[in-house]
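Asker: Our numbering applies: residue 1 is where the sequence shown begins, and numbers increase by one. All C-beta atoms in this analysis are idealised placements derived from N, C-alpha and C, irrespective of residue type, glycine included.
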Amino acid sequence: MKPNAKTLERHSRMLALRDIEEKDLESIMNTTITVVGAGGLGSPALRLLTSIGFGTIRIIDHDVVDLSNLQRQNIYNTEDVGTPKVDAAVANLSKQNPDVFFEAVAATIRSDNAIELLNGSDIVLDGLDSMDARRAVNAACLYHGIPYIYAGALEYYANISTFIPNKTGCLHCLIGDMQDNPENTCVNVGVSTSLLALVASIEVREAVLLAIGKEPKLAGRLMHIDVEALSFDSFEIQRMDSCPVCGIKPSVPEKQSEISVTMLCSKSFHVSPPEELNLDLDEIANQWDNKYQVTKRLRSLTLESGEIKVTLMGRGNAVVEGLKDPDEVLACYREIVNI
Ligand SMILES: [Zn+2]
1 MKPNAKTLER
11 HSRMLALRDI
21 EEKDLESIMN
31 TTITVVGAGG
41 LGSPALRLLT
51 SIGFGTIRII
61 DHDVVDLSNL
71 QRQNIYNTED
81 VGTPKVDAAV
91 ANLSKQNPDV
101 FFEAVAATIR
111 SDNAIELLNG
121 SDIVLDGLDS
131 MDARRAVNAA
141 CLYHGIPYIY
151 AGALEYYANI
161 STFIPNKTGC
171 LHCLIGDMQD
181 NPENTCVNVG
191 VSTSLLALVA
201 SIEVREAVLL
211 AIGKEPKLAG
221 RLMHIDVEAL
231 SFDSFEIQRM
241 DSCPVCGIKP
251 SVPEKQSEIS
261 VTMLCSKSFH
271 VSPPEELNLD
281 LDEIANQWDN
291 KYQVTKRLRS
301 LTLESGEIKV
311 TLMGRGNAVV
321 EGLKDPDEVL
331 ACYREIVNI
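1. Decide if Gly-190 is buried, meaning its Cβ has at least 16 other Cβ atoms within 10 Å, or exposed.
2. Using a 10 Å radius around the Cβ and a threshold of 16 neighbouring Cβ atoms, would you call Asn-4 buried or exposed?
3. For Glu-321, count neighbouring C-beta atoms within 10 Å of its own C-beta (all shown protein chains included) and say buried if the count is 16 or more, exposed if not.
4. Should the stretch 24-36 be called in touch with the stretch 202-215, which here means at least 3 C-beta pairs below 8 angstroms?
5. Kindly provide the chain-ordered list of residues whose Cβ lies closer than 6 angstroms to any non-hydrogen atom of ligand 1.
6. Does the beta-carbon distance from Leu-142 to Ser-161 come in below 8 angstroms?
7. Which runs of the alpha helix (DSSP H) at least 4 residues long sit entirely within the stretch 187-225? Give them in chain order.
8. If you follow the alpha helix (DSSP H) that Ala-45 is part of, which residue opens it and which one closes it?
9. Going by beta carbon distance, what residues of the same chain come within less than 6 angstroms of Thr-295, once the five residues before and after it are set aside?
10. Tell me which same chain residues have a C-beta within less than 6 angstroms of the C-beta of Gln-96, skipping the five on either side of it?
11. Check Asp-280 in the structure and name its three-state DSSP category.
12. For the stretch 98-174, which segments carrying the beta strand (DSSP E) assignment without a break, of at least 3 residues, lie completely within its bounds, in sequence order?
13. What does DSSP give as the partner residue(s) for Lys-309 in the beta ladder?
14. Name the DSSP beta bridge partners of His-62, please?
15. In three-state DSSP terms, what is Lys-23?
16. Rank Ile-202, Ala-104, Ala-200, Cys-243 by C-alpha distance to the C-alpha of Thr-168 and give the top, closest one.
17. How about Gly-37 and Asp-61: do their beta carbons lie closer than 8 angstroms?
18. Assuming Gln-293 is part of the beta strand (DSSP E), what are its boundary residues?
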C-alpha cells in the first residue's frame, strides 16, 4: 500500500524528520505488528503505533476493562468498564486513525497457541504481565523468526530489550528459569503511569526501527529504567551458548487438555478452555437470563448475579469477578458454558 495525499499530510511531521522518507512510511504502512497484552504497557504502545500508522495492528488480550485500569491504560474510557479490552481498544483506536487495520483477538496467549496467534506478524511487542506468557511468546517468535520487543515494568522500574532470532539471544538467555514473584504484582506494589508511558515509547521506537529496516538500539542490549531516580542504564547482554530455547530448532508444543484458571492483576480470574469454542452467545444469554442479569455486547456477554460477574467471549475465554476460589470459578464457568 502507498500513502495517499491525506496520509502524507497526517504524517508530515514524521516525514520532516531528517532520516525518515516516504518509503519508510510505506514500510510502516505495510507492517503487521502484534501487541500481546493491552494493559499498562500495551495501551500507551497501541496509542503510539496507531498514530504512527502501522498498517495492521493485532491486539491479543484476555481481560475486560476494570475501573482500576483507567489510571494508566489510556486507550480506555470510563464507559468501557466491563467491556473486553480488545473490543474497547479497537473501537477507540479506530477513531484515532481510520487508516489502520485492527485485528482483535480475545484470547490468552499460551505455549500451545502462541505459534498460531502470532503467525503472520512482522514484529511482536510485549505488553504482558506474566513470565509464562512471555516464554510462550519468546518460543513462538523464535519458531516464526519474528523480532520480539520485550518489556516488563512494575512500581518504578522497568527492563526492555529487543530479541532478534538468529542474531541476538532470546528471553530465556536473559532470564533463565526465573519465575514471577507472586508478591510482586501491580496490585501489591503498584506501577507508575509515567514509567509505563516511557517504556512503551521506547518499545515503539524499536518497532519503528525494525519496520523501516534499521538496527533497533536494544538488540543485544538490556535497558533498565528507574523513574524514582530518573536513571536510564543499558548494558550488553549475550546469547547463552547452551540456551535450551534459542539453541535448538523450535518445535510445536502439545495442546493443553485442561481448562486453565488464572488470577488477573485486577483480582478477578481468567478462564481459558484448551481449545477455541466458538460459543453461541445468544443461546447462552437466553439459557441464563432467569438466573443472571445478562448484558449482550457485539462479541461478548456479561452475566451478573449479586457479587458474581462473568464476562464471556465468543472464543470461550471468560473473566470471572466476585469469586475467591479457583475451583468455584471453574464450576461456575463449566455450568454456564456447559462443558
Ligand atoms: Zn536463548
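Answerer: Taking the coordinates as given:
1. Numbered from 1 along the sequence shown, position 190 holds the residue referred to as residue 190. With fewer than 16 other Cβ atoms within 10 Å, it is exposed.
2. Start at 1 with the first residue of the sequence shown, and residue 4 comes out as number 4. The residue in question, Asn-4, is exposed, as its Cβ has fewer than 16 Cβ neighbours within 10 Å.
3. Position 321 of the sequence shown, counted from the first residue, corresponds to residue 321. With 16 or more other Cβ atoms within 10 Å, it is buried.
4. Under the three-pair Cβ rule at 8 angstroms, the stretch 24-36 counts as touching the stretch 202-215.
5. Result (chain order): Gly-169, Cys-170, His-172, Cys-173, Met-240, Cys-243, Val-245, Cys-246.
6. Numbered from 1 along the sequence shown, position 142 holds the residue referred to as residue 142. Numbered from 1 along the sequence shown, position 161 holds the residue referred to as residue 161. Contact: no.
7. Here the runs fully enclosed are 193-211.
8. On the sequence shown, position 45 is the one that residue 45 refers to. Looking at the DSSP string, the run of the alpha helix (DSSP H) that includes Ala-45 is 42-52.
9. On the sequence shown, residue 295 is found 295 positions in, with the first residue counted as 1. If we look at Thr-295 and ignore the five residues flanking it on each side, its Cβ neighbours are Thr-302.
10. What you label residue 96 is simply residue 96 of the sequence shown in a count that begins at 1. So the list reads Thr-50, once near-sequence residues are dropped.
11. Reading the sequence shown from its first residue, position 280 is the one you call residue 280. If DSSP states are grouped into helix, strand and coil, Asp-280 belongs with coil.
12. Complete beta strand (DSSP E) runs here, min 3: 101-106, 123-126, 148-154, 157-163.
13. Locating residue 309 in the sequence shown gives position 309, counting from the first residue. BP columns for Lys-309 point to Glu-304, Glu-321.
14. On the sequence shown, residue 62 is found 62 positions in, with the first residue counted as 1. Looking at the DSSP assignment, His-62 forms no beta bridge with any residue, so it has no partner.
15. Against the sequence shown, residue 23 aligns to sequence position 23. If DSSP states are grouped into helix, strand and coil, Lys-23 belongs with the helices.
16. Taking the sequence shown and counting its residues from 1, one reaches residue 168 at position 168. Closest by alpha carbon: Cys-243.
17. The sequence position of residue 37 within the sequence shown is 37, counting from 1. The sequence position of residue 61 within the sequence shown is 61, counting from 1. Here Gly-37 is near Asp-61, since their CB atoms are less than 8 angstroms apart.
18. To locate residue 293, count along the sequence shown from 1; it is residue 293. Start and end: 293-296.
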